[in-house]
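*Asks:* Next up is a structure, given as structure tokens.
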Amino acid sequence: MSNTPQHSRKQPNLLFVLVDQMRHVAMGCAGNGQIRTPNLDRLADEGAMFNHAVSNISVCTPARACILTGRYPLSHTVLTNNSMLPNELPSMGKILKAAGYATGHIGKWHLSGEAYVGATQHNDFQNGYIPPGDLRHGFDYWAVHHCSHSYWNATYFRDTPEPIVVNGWEPDTQTDLAIDFIREHTPQTTPERRPFALVVSWGPPHTPFTAPPEFRELYDPATLELRENVLRPPTGFPIAHDIGEEGTREEVLREWTANYYGAITSLDHNLGRLLDTLDQQGVADETIVVFTSDHGEMLGSHGQMYKVQPWDESVRIPFVMRYPDGIPTGTSIDTVLGHPDILPTLLGLMRLPLPEGIEGDDLSAILRGEAPEIADRSTLLLWVCSALTWGKKWTDVDVYRGLGAPKGFVRPYRGIRTQTHTYVEDRAGPWLLYDNEHDPWQLNNLVETGGPGAVPPSLQRELQDWLERTGDRFEDTEYYKNLIDLETGLCTDPDGLTRCREA
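Counted the way my numbering counts, the sequence shown spans residues 236 to 738.
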């Protein structure tokens, strides 16, 4: 494999690997010497890694909608978990199917709203059946559950409502299905092939933090070094109740971190199986491989757990890709990339036109080495309400503790992430400002130490430009709640989400 891409006339395949709740720093290629990710490291060596890839709205359903549509949340209208992605929007599966691709989706979906949250006799967490048709958004091959994190007691559905039971560790079976799909769509004896586009959506390392024993045993909790900002909450914030009682918290976090790393190393092993299959089928050079996550995991940093919050552990994600026919090897990119940029960038690499309505930017010229990096690029950070989920959990919003914090600590916010800074406002004004170059642990909030006047006007203008660009009203929780059908999770008034945008 040469350093310089050998441009192919074949339409490239796409293997898009999406994991759940994996933060950027949980990779060897990101400088973490404690975790074993040889296949991710190989992917970065043979392709490209974005060092500042960002989940713009760091919770599962809205983030996945950003990835598939190339739009920001107020445009695709998916604002919390269990919201519904509108069928009429152009999205990855439909676009590539129309371009002649054989499309498939394996694993977690989480985009069909409250109506498809359901239980089976095998597990009871959101494992609903999604029938063939528009709700599958252009993906023809389908081996999916709506959303489940029962990794050892899993089920999935094909084209009938009868659940298929998985024996063993769920990602292993999902990888088996993906290998079968790749082999079926890369017949070595057929000179003319139809390109494929396959999304493989693994549930780990999302909670519950668990991993196969052979991978979990690679990590000794007693020897793991926790991040410097662990159990150091911002002023006025409590330590997340899920971490346990004082005196036991570090032990709990070491155990969870070992499990988290074990799950990631297991996924890395399965990524290696997929890469080996591409090699065996002779299509590695003509296949775009992407590895990324919907959002990160706090895992005790700043005393917090899980996601949604605007700190890097929650919003900064892995984004590693390889395309030997189009991307030079060993490419390290500092240009900021947000989820809505992924789809247009892929379409750019495929030389396909961008449908109307895509809001992200095509960064493929940077990947090819045909354009310089954009040092001053930023991307939007936002959270629109005080609840994680519409629908059945909305009645619990005042006492909702699913993010590990009591009422008032999961607040609506808007912000930006640049190469060097994180700046966030809540509805009262400036809230957080970090110089990430000199304060990588985000321990010195410059708004707190220097007051609102410490915020550079350029960052304030940049955030305001984003709000104008996306038509963001930045209203309170109740305003957005009233625009959502709580039974389905579908936005009933998309125009009401935004104000008139700047031309």
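The beta-carbon is built from N, C-alpha and C at its ideal position, and this holds for glycine as well.
Between the C-alpha atoms of Trp437 and Ala279, what's the straight-line distance to the nearest angstrom?
*Replies:* Roughly 20 Å separates the two Cα atoms.
*Asks:* Using the rule of at least 16 other Cβ atoms within 10 Å of the residue's Cβ for burial, across every protein chain shown, is Arg551 buried or exposed?
*Replies:* When all chains shown are included, Arg551 counts as buried.
*Asks:* Answer yes or no: do Gly497 and Arg428 have a C-beta to C-beta separation smaller than 8 Å?
*Replies:* No. Outside cutoff.
*Asks:* Taking the alpha helix (DSSP H) that Ser549 falls in, what are its first and last residues?
*Replies:* Element bounds for Ser549: 547-550.
*Asks:* Buried or exposed: where does Val400 fall if 16 or more other Cβ atoms within 10 Å of its Cβ makes it buried?
*Replies:* Val400 comes out exposed.
*Asks:* So is Leu249 buried or exposed if we call it buried at 16+ other beta carbons inside 10 Å?
*Replies:* The residue is buried, with at least 16 neighbouring Cβ atoms inside 10 Å.
*Asks:* With DSSP run on the structure shown, which of helix, strand or coil describes Leu785?
*Replies:* Residue numbering for the chain in the displayed model covers 236 to 738; residue 785 lies beyond these limits and cannot be assessed.
*Asks:* Mark His381 as exposed unless 16 or more other C-beta atoms lie within 10 angstroms of its C-beta, in which case mark it buried.
*Replies:* His381 should be labelled buried.
*Asks:* Could you tell me whether the Cβ atoms of Val543 and Val294 are closer together than 8 Å?
*Replies:* Their beta carbons are under 8 Å apart, which means Val543 touches Val294 by this criterion.
*Asks:* May I have the straight-line CA-CA distance separating Leu721 from Asp728, to the nearest angstrom?
*Replies:* Their Cα atoms are separated by approximately 13 Å.
*Asks:* So which of Glu532, Leu320, Leu732, Asn322 has the shortest CA-CA distance to Asp707?
*Replies:* When only C-alpha atoms are compared, the closest one is Leu732.
*Asks:* On the DSSP bridge assignment, give the partners of Lys343 in chain order.
*Replies:* Answer by DSSP bridge pairing, in chain order: His380.
*Asks:* Flag this pair as touching only if the stretch 484-494 and the stretch 445-464 have three or more C-beta atom pairs under 8 Å; answer yes or no.
*Replies:* A contact exists between the stretch 484-494 and the stretch 445-464.
*Asks:* List, from N- to C-terminal side, the beta strand (DSSP E) runs of 3 residues or more that fit wholly inside the stretch 274-305.
*Replies:* Taking only runs of at least 3 residues, the beta strand (DSSP E) segments lying wholly in the stretch 274-305 are 283-285.
*Asks:* Whole angstroms is fine: what's the gap from Trp344's alpha carbon to Leu668's?
*Replies:* Spanning the two alpha carbons is a distance of roughly 34 Å.
*Asks:* Label Gly595 either buried or exposed according to how many other C-beta atoms from any shown protein chain fall within 10 Å of its C-beta, with 16 as the threshold for buried.
*Replies:* Result: buried.
*Asks:* Classify Trp387 as buried or exposed, calling it buried when 16 or more other Cβ atoms lie within 10 Å of its own Cβ.
*Replies:* It counts as exposed.
*Asks:* Cα-Cα, which of Ala689, Ile365, Tyr648 is closest to Asp711?
*Replies:* For the residues Ala689, Ile365, Tyr648, the minimum Cα distance to Asp711 belongs to Tyr648.
*Asks:* To the nearest angstrom, how far is the alpha carbon of Arg371 from that of Ser536?
*Replies:* Looking at the two C-alpha atoms, the distance is approximately 36 Å.
*Asks:* At a cut of 8 Å, does the stretch 281-290 reach the stretch 549-564 through at least three beta carbon pairs?
*Replies:* The stretch 281-290 is in contact with the stretch 549-564.
*Asks:* Kindly indicate which residue of Arg299, Pro325, Tyr307, Thr315 has the alpha-carbon position closest to the one of Leu582.
*Replies:* The residue with the shortest Cα to Cα distance from Leu582 is Pro325.
*Asks:* Taking DSSP as the reference, what is the three-state secondary structure of Pro579?
*Replies:* Of the three classes helix, strand and coil, the one that applies to Pro579 here is helix, per DSSP.
*Asks:* Contact between the stretch 466-475 and the stretch 517-530 is defined here as three or more beta-carbon pairs at a separation below 8 Å; is this criterion met?
*Replies:* No: fewer than three Cβ pairs fall under 8 Å.
*Asks:* Would you identify the three-state DSSP class for His233, choosing helix, strand or coil?
*Replies:* Nothing in the structure corresponds to residue 233, since the chain is present only between 236 and 738.
*Asks:* Rounded to a whole number of angstroms, what is the C-alpha to C-alpha distance between Phe251 and Phe526?
*Replies:* Distance between the alpha carbons of Phe251 and Phe526 is about 6 Å.
*Asks:* Could you tell me whether the Cβ atoms of Gly339 and Phe392 are closer together than 8 Å?
*Replies:* Taking 8 Å as the Cβ cut-off, Gly339 and Phe392 do not qualify as a contacting pair.
*Asks:* How about Trp618 and Asn464: are their beta carbons less than 8 Å apart?
*Replies:* Taking 8 Å as the Cβ cut-off, Trp618 and Asn464 do not qualify as a contacting pair.
*Asks:* Give me the Cα-Cα distance between Val313 and Leu461, rounded to the nearest whole angstrom.
*Replies:* If I take the Cα positions, the gap works out to 34 Å.
*Asks:* Mark Ser567 as exposed unless 16 or more other C-beta atoms lie within 10 angstroms of its C-beta, in which case mark it buried.
*Replies:* Classification of Ser567: exposed, given that the 10 Å Cβ count is below 16.
*Asks:* Looking only at C-alpha atoms, which of Trp404, Arg271, Glu608, Cys620 sits nearest to Asn717?
*Replies:* Among Trp404, Arg271, Glu608, Cys620, the Cα nearest to that of Asn717 belongs to Cys620.
*Asks:* Does DSSP put Met739 in a helix, in a strand, or in coil?
*Replies:* The shown model of the chain, from 236 to 738, leaves out residue 739, and the question about it has no answer.
*Asks:* Give the straight-line distance between the Cα atoms of Ala610 and Arg652, rounded to the nearest whole angstrom.
*Replies:* Spanning the two alpha carbons is a distance of roughly 12 Å.
*Asks:* May I ask which residues mark the beginning and end of the alpha helix (DSSP H) holding Asn505?
*Replies:* Unbroken alpha helix (DSSP H) run through Asn505: 484-515.
*Asks:* Can you tell me whether Ser693 is buried or exposed? The criterion is at least 16 other CB atoms within 10 Å of its CB, across all chains shown.
*Replies:* Exposed, because fewer than 16 other Cβ atoms sit within 10 Å of the Cβ of Ser693.
*Asks:* For Thr338, which beta-bridge partners are listed by DSSP?
*Replies:* According to DSSP, which records beta bridges pairwise, Thr338 is partnered with Ala432.
*Asks:* In whole angstroms, give me the CA-to-CA distance for Leu725 and Gly517.
*Replies:* In a straight line, the C-alpha of Leu725 is about 43 Å away from that of Gly517.
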